[in-house]
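Inspection log for the structure reproduced underneath, given as structure tokens.
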Amino acid sequence: VEGTVARALSPENFARVKEHLKDPTIDAQIDRDLAAAQRKGVRSTPTYFITAQGKEQKIVGATQYDILKRYLDSILPQ
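Per our numbering, the sequence shown starts with residue 15, numbered consecutively.
Written out as structure tokens, the structure is:
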């Protein structure tokens with residue numbers, strides 16, 4: 015992964031990313047995110063949650079824009 019990221023970024027940005035990765039709070043945040051995903055039953059990506067009118071809908075997998083837009087238009091107040 016490191017080689018791919020290094021090729022995608024400028025040397026300066028890659029060096030900054032490597033410095034950020036040394037920050038121990040990043041591991042803690044990743045652990046919190048993983049715990050939240052486990053609590054919500056996330057098993058794959060993309061998985062996202064839409065909350066509207068007090069209800070939460072879990073969406074798993076890629077969704078075409080027009081389908082997602084129709085769904086959002088149907089649940090959001092006009």
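We put the CB at the ideal spot given by N, CA and C, even for glycine.
Every value quoted in this text rests on a predicted model; they were computed, and no experiment measured them.
Cutoff 8 Å: residue i Cβ touching any chain E Cβ
{"i": "residue 55", "result": "Looking for chain E here will not work: only one protein chain is present."}
One or two residues paired with residue i in a DSSP bridge
{"i": "residue 33", "result": "Looking at the DSSP assignment, residue 33 forms no beta bridge with any residue, so it has no partner."}
{"i": "residue 64", "result": "71"}
Secondary structure of residue i, DSSP reduced to three states
{"i": "residue 76", "result": "coil"}
{"i": "residue 69", "result": "strand"}
{"i": "residue 59", "result": "coil"}
{"i": "residue 24", "result": "coil"}
{"i": "residue 19", "result": "helix"}
{"i": "residue 91", "result": "coil"}
Reference residue i; option with closest CA among the options
{"i": "residue 92", "options": "23, 75, 66", "result": "66"}
{"i": "residue 70", "options": "41, 61, 76", "result": "61"}
{"i": "residue 90", "options": "68, 17, 37, 32", "result": "68"}
Check whether residue i and residue j have beta carbons under 8 Å apart
{"i": "residue 73", "j": "residue 64", "result": "yes"}
{"i": "residue 28", "j": "residue 15", "result": "no"}
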